[in-house]
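Worksheet: the structure to be examined is printed underneath.
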Amino acid sequence: MPAAGRGVRAAAGRHGRGDGAVRAGGAAGGDEAGPAGPAAAGGGGDRQPARGAAQGGRRGRRGGGVGGHAGLRGGEDGGGEAGPPVRLRDVPAAHAAVAAPPADRPFPAGADIPALWDWDRDSINLLFGAAVNNDRARLGLPEVDDVRDYVITDRPLLAADPVLSPWREAELQVVQTGAWLLPDDRPLPADLARFLDDGEPPVYVGFGSMPMHQATDLGEVVVEAVRRHGRRMVLSRGWADLESAGDDCFVTGEANHQALFRRSAAVVHHGGAGTTVTAAWAGTPQVVVPQGADQPHWASRVAELGIGAAHDGPAPTVESLADALGTALASKKRAAAIAATIPTDGAATAAQIVLG
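To get the numbering used here, take the position in the sequence shown, counting from 1, and add 6.
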């Protein structure tokens, strides 16, 4: 948006990501997690917070609606715009009962629960209605009665890479813009850069905000699995609290994933959408250890495209992770070929659509 001459105001919802997620792109906004909250996400990657930041983010998310209101009010117009500012916000959607019904009361395929949708609408109005309408009043705009239907339109933009996740034709009119990537030219920390310079490309291992509770002795498993391939490693501490286990290990907090992945032999991660596309864009093979939500989808796509391996299940052992890493390391040429097909103008495309 700044490149198109518009200011941006970011509204943080209950996830507390509004501030950091767009500030690197020139927007201002409010983050319910506060100064200790999740680090800013830049360039499409899941940027890893240090442990203190991660703990702040967890506390912030428990704040619920209060943080959401603060985020909606917190943003200021960013930069000198040629027209009215564009407001960005995310909307949480959690219909867990539909996605995962009780085992003893399964729902018929395609079934809907009207009462649940009504509850969802009322909850969103309660959480965001006053803040949205106060902001609209300041802009001289009329109130909206249904915040959910106002924000979630019948003209969605699909911010997913068409190579990694092609849209299946449906009646819904969806515009797939591609992933919202921007080049990240921030330098790597000096000590990390020295580690990279001192030897062969390492294997990057990081699980972002996944605490990895299902995995036993994860740190030992990761280190031993990578060592079986004679590789050094960069461990992103994250919420899994990965720690160093020798001179062949470098532990880092938040870092520029675009720069780091380009200098890595493989990327082992949880399968977040941003991390997956950033590794694919870098042309670096990957191992996805999915924990939930959309992560199994990204894992399967990585395997289907031949750009890495999908680990079987959320809890790796030394043997299972070493096997998956072997598959990934053997897919270097394929990963490089796919990288050349990934469009990088998704963010610009989305901005032009929004601006009309």
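Glycine is no exception: its CB is placed at the ideal position from the N, C-alpha and C atoms.
Q. In terms of residue numbering, what span does the beta strand (DSSP E) encompassing Gly-314 cover?
A. That run of the beta strand (DSSP E) goes 314-316.
Q.
Just to confirm my understanding: we take Leu-202, look at its own chain, exclude 5 residues before and 5 after, and list those with CB closer than 6 Å. What are they?
A. Within the same chain, and ignoring the five residues on either side of Leu-202 in sequence, the residues whose Cβ sits closer than 6 Å to its Cβ are Arg-269.
Q: Kindly indicate the opening and closing residues of the beta strand (DSSP E) around Phe-256.
A: Membership of Phe-256 in the beta strand (DSSP E) is indicated by the continuous run 255-258.
Q: Would you mind working out which of Pro-162, Tyr-210 and Pro-349 sits nearest Ala-265, comparing C-alpha positions?
A: For Ala-265, the nearest C-alpha among the options comes from Tyr-210.
Q) Is the Cβ-Cβ distance between Pro-302 and Ala-341 less than 8 Å? A) Ala-341 is positioned such that its CB atom lies no closer than 8 Å to that of Pro-302.
Q.
Rounded to whole angstroms, what is the Cα-Cα separation between Asp-247 and Pro-217?
A. Between Asp-247 and Pro-217, the alpha-carbon positions lie close to 8 Å from each other.
(Q) Residues in the same chain with beta-carbon distance under 7 Å from Pro-207, minus the five sequence neighbours each way, listed in chain order, please. (A) Closer than 7 Å at Cβ, skipping near neighbours: Arg-269, Ser-270 and Ala-271.
Q: Please classify Gly-182: does DSSP put it in a helix, a strand, or coil?
A: Before going further, note that residue 182 is Gln rather than Gly in the sequence given. The three-state secondary structure of Gln-182, taken from DSSP, is strand.
Q) Cα separation between Gly-69 and Gly-244? A) Interpretation of Gly-69 is limited by its pLDDT of 34, a score under 50 that renders its predicted location unreliable; the figure taken from the coordinates is listed afterwards. A direct Cα-Cα distance of roughly 21 Å separates Gly-69 from Gly-244.
Q. Anyone know if the C-beta pair for Trp-287 and Ala-345 falls short of 8 Å?
A. Contact: yes.
Q) Candidates Gly-319, Ala-185 and Gly-236: which alpha carbon is nearest Gly-205's? A) Looking only at Gly-319, Ala-185 and Gly-236, the smallest Cα-Cα distance to Gly-205 is reached by Gly-236.
Q) How long is the line joining the alpha carbons of Gly-214 and Thr-258, rounded to whole angstroms? A) Those two C-alpha atoms are separated by around 12 Å.
Q: Can you say whether Ala-143 is buried or exposed, counting buried as having 16 or more other CB atoms within 10 angstroms of its CB?
A: Ala-143 is exposed by the Cβ-count criterion.
Q: Within its chain, find whatever has a CB closer than 8 Å to the CB of Pro-195; leave out the 5 residues flanking it on each side and keep chain order.
A: Around Pro-195: Thr-258 and Ala-261.
Q: Go ahead and pull the three-state DSSP assignment for Ser-242.
A: Reduced to three states, the DSSP call for Ser-242 is strand.
Q. So, helix, strand or coil for Gln-301, using DSSP?
A. Correct three-state label for Gln-301: helix.
Q | Residues near Asp-152 in its chain [Cβ-Cβ closer than 8 Å; skip 5 each side] | A | Non-local C-beta neighbours of Asp-152 in its own chain, meaning closer than 8 Å and more than five positions away in sequence, comprise Arg-127 and Asn-131, ordered along the chain.
Q: Ignore the nearest five residues each way along the sequence and tell me which others in Gln-182's own chain have a CB closer than 6 Å to its CB.
A: Here the set comprises Leu-164, Pro-168 and Trp-173.
Q.
Which residue marks the beginning of the alpha helix (DSSP H) containing Gly-289, and which one marks its end?
A. Premise fails: Gly-289 is in no alpha helix (DSSP H) and is neither H nor E.
**Q.** Per-residue DSSP class, three states only, for Ala-265
**A.** DSSP, read as helix, strand or coil, puts Ala-265 in helix.
Q.
How far does the alpha helix (DSSP H) with Ala-165 in it extend, from its first residue to its last?
A. For Ala-165, no alpha helix (DSSP H) run applies, since DSSP gives it neither H nor E.
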